[in-house]
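K.L.:
Going down the list, the protein sequences come from chains A and B. Residue 106 is where the first sequence ends in our numbering, and the numbering goes up by one at each step. Residue 106 is where the second sequence ends in our numbering, and the numbering goes up by one at each step. Cβ atoms here follow ideal geometry from the backbone N, Cα and C, with glycine treated the same way.
There are 2 protein chains.
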Amino acid sequence: MPAPAASTAALFHALADPMRIEVLELLANGERCVCDLMEDLSVAQSRLSWHLKTLKEAGLVTDRREGRWSYYTLERTAFERAEKALSALKPRARRLAIRTADACCE
Amino acid sequence: MPAPAASTAALFHALADPMRIEVLELLANGERCVCDLMEDLSVAQSRLSWHLKTLKEAGLVTDRREGRWSYYTLERTAFERAEKALSALKPRARRLAIRTADACCE
DNA sequence: AGATTACATCAATAAATCTTGATAGGCAAG
DNA sequence: CTTGCCTATCAAGATTTATTGATGTAATCT
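1. Using a Cβ-Cβ distance cut-off of 7 angstroms, determine whether E57 (chain A) contacts chain B.
2. Just confirm the distance between the C-beta atoms of L27 (chain B) and V61 (chain B), as a whole number of angstroms; I'd bet it's less than 8 angstroms.
3. From the beta carbon of D17 (chain A), is the nearest beta carbon of chain B less than 7 angstroms away?
4. Under three-state DSSP, which class holds V43 (chain B)?
5. Just to confirm my understanding: we take L74 (chain A), look at its own chain, exclude 5 residues before and 5 after, and list those with CB closer than 8 angstroms. What are they?
6. Cβ of T8 (chain B) less than 7 angstroms from any chain A Cβ?
7. State buried or exposed for T77 (chain A), treating a residue as buried only when at least 16 other CB atoms are found within 10 Å of its CB.
8. For A28 (chain A), decide whether its Cβ has a neighbour in chain B, counting only Cβ atoms nearer than 7 angstroms.
9. Do you know whose CA, among A:S87, A:R81, A:K53, lies nearest Y72 (chain A)'s CA?
10. Check the Cβ-Cβ distances between A82 (chain A) and every residue of chain B, and say whether any is below 7 angstroms.
11. On a CA-only basis, which of B:E80, B:L86, B:F79, B:R81 is nearest E80 (chain A)? Give me that one, please.
12. R65 (chain B) by DSSP, collapsed to three states: which one?
13. Inspect the beta-carbon positions of A9 (chain B) and P91 (chain A) and report whether they are closer than 7 angstroms.
14. Does chain B have any CB closer than 7 angstroms to the CB of A5 (chain A)?
15. Chain A partners of K90 (chain B), CB-CB under 8 angstroms?
16. To the nearest angstrom, how far is it from the Cα of E31 (chain A) to the Cα of S7 (chain B)?
17. Looking at the secondary structure, which residues open and close the alpha helix (DSSP H) in which M19 (chain A) lies?
18. Output the distance between the C-alpha atoms of A5 (chain B) and S42 (chain A), rounded to the nearest integer angstrom.
19. At the level of alpha carbons, what is the spacing between E22 (chain A) and R65 (chain B)?
20. Determine the extent of the alpha helix (DSSP H) in which A10 (chain B) is found, giving its start and end residues.
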């Protein structure tokens, strides 16, 4: 059975922002610290921090503290969940259009 | 090269709502008319119509008019775009953390 | 033609999300 | 211990997105 619609939606929601996509693109090459991300994206610190938080809450990244730096890493399993959700939605059946509602069809 | 972050985000945005996910789940079994979707989801008509519109604008579904009924179908290519975008983001490299910014590291 | 059905669209409101600037906390260096 | 750096969090406002109820439109039926 598929994951609940709400949790699938929440996962995709985290992917539904251009800046978060850019962050993920940077992290795809490996772990990065916040200061580097800030520089690469030329973005305000609190803004970046907010997006990192939403990525983290969605499980797409994890963070790690080292001294005064924070490092973020992609979390592979979340991407696998997203892939599964996607393929569960992909068209898989007949093209037929058969109305079943009787409110509008009888 | 990857699709622009903004268009990737827009695609995922269409997937970022529980009701839209449910609609797509229903459509995964094949084309359906709006009246059937309404009944299966027990949802107000204008609300459903709105979500169908955003799915359509994202390219995830297409519609077809037949008499007074509208039929919606999944659009496979959009799902392929989404899959590509996802796999472009998946972790693919070293775990190393190397700071490159010199604003914060020198 | 008039009535009804199926759906889209609009306007108003509500709710969620994002941005910005300010403040606060942890850590390290001096 | 004080200062400065890196990051998180907060509060306020702006923007976007979603819901609701009403109206519009096109097709069908009588």
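P.N.:
Reading off the structure:
1. The residue labelled residue 57 (chain A) in the question sits at position 57 within the first sequence. No, E57 (chain A) lies away from the interface with chain B (no Cβ there is under 7 angstroms from its Cβ).
2. Taking the second sequence and counting its residues from 1, one reaches residue 27 (chain B) at position 27. Taking the second sequence and counting its residues from 1, one reaches residue 61 (chain B) at position 61. So it is a contact: roughly 7 angstroms between Cβ atoms.
3. Looking up residue 17 (chain A) in the first sequence gives position 17. Chain B has a Cβ within less than 7 angstroms of the Cβ of D17 (chain A).
4. Mapped onto the second sequence, residue 43 (chain B) falls at position 43. Look at V43 (chain B) here: in three-state DSSP terms it is coil, with no helix or strand label.
5. Here the question's residue 74 (chain A) lines up with position 74 in the first sequence. Answer for L74 (chain A): L24, L27, A28, L60, V61, listed in chain order.
6. In the second sequence, the residue the question calls residue 8 (chain B) occupies position 8. Taking a beta-carbon distance threshold of 7 angstroms, T8 (chain B) counts as an interface residue toward chain A.
7. The residue labelled residue 77 (chain A) in the question sits at position 77 within the first sequence. It counts as exposed.
8. If you number the first sequence from 1, residue 28 (chain A) lands on position 28. Chain B contact via Cβ: present.
9. Start at 1 with the first residue of the first sequence, and residue 72 (chain A) comes out as number 72. Residue A:K53 is the option with its Cα nearest to Y72 (chain A).
10. For the purposes of this step, residue 82 (chain A) is identified with residue 82 of the first sequence, where counting begins at 1. The beta carbon of A82 (chain A) sits closer than 7 angstroms to some beta carbon of chain B.
11. Taking the first sequence and counting its residues from 1, one reaches residue 80 (chain A) at position 80. If we check each option's Cα against that of E80 (chain A), B:L86 comes out closest.
12. As a working mapping, residue 65 (chain B) is identified with position 65 in the second sequence. Strand at R65 (chain B).
13. One-based indexing of the second sequence puts residue 9 (chain B) at position 9. One-based indexing of the first sequence puts residue 91 (chain A) at position 91. No, these two residues do not count as a Cβ contact at 7 angstroms.
14. The count along the first sequence starts at 1 and reaches residue 5 (chain A) at position 5. Output row for A5 (chain A): interface = yes.
15. As a first step, residue 90 (chain B) must be located in the second sequence, where it is residue number 90. A28, L74, R76, F79, listed in chain order.
16. On the first sequence, position 31 is the one that residue 31 (chain A) refers to. On the second sequence, position 7 is the one that residue 7 (chain B) refers to. It is roughly 25 angstroms from the alpha-carbon of E31 (chain A) to the alpha-carbon of S7 (chain B).
17. Translated into positions along the first sequence, residue 19 (chain A) becomes position 19. For M19 (chain A), the enclosing alpha helix (DSSP H) covers residues 18 to 27.
18. Taking the first residue of the second sequence as 1, we reach residue 5 (chain B) at position 5. Taking the first residue of the first sequence as 1, we reach residue 42 (chain A) at position 42. Going by the C-alpha atoms only, they are around 15 angstroms apart.
19. In the first sequence, counting from the first residue as 1, residue 22 (chain A) sits at position 22. In the second sequence, counting from the first residue as 1, residue 65 (chain B) sits at position 65. When rounded, the distance between both Cα atoms is 39 angstroms.
20. Translated into the one-based positions of the second sequence, residue 10 (chain B) becomes position 10. Here the alpha helix (DSSP H) through A10 (chain B) covers 5 to 14.
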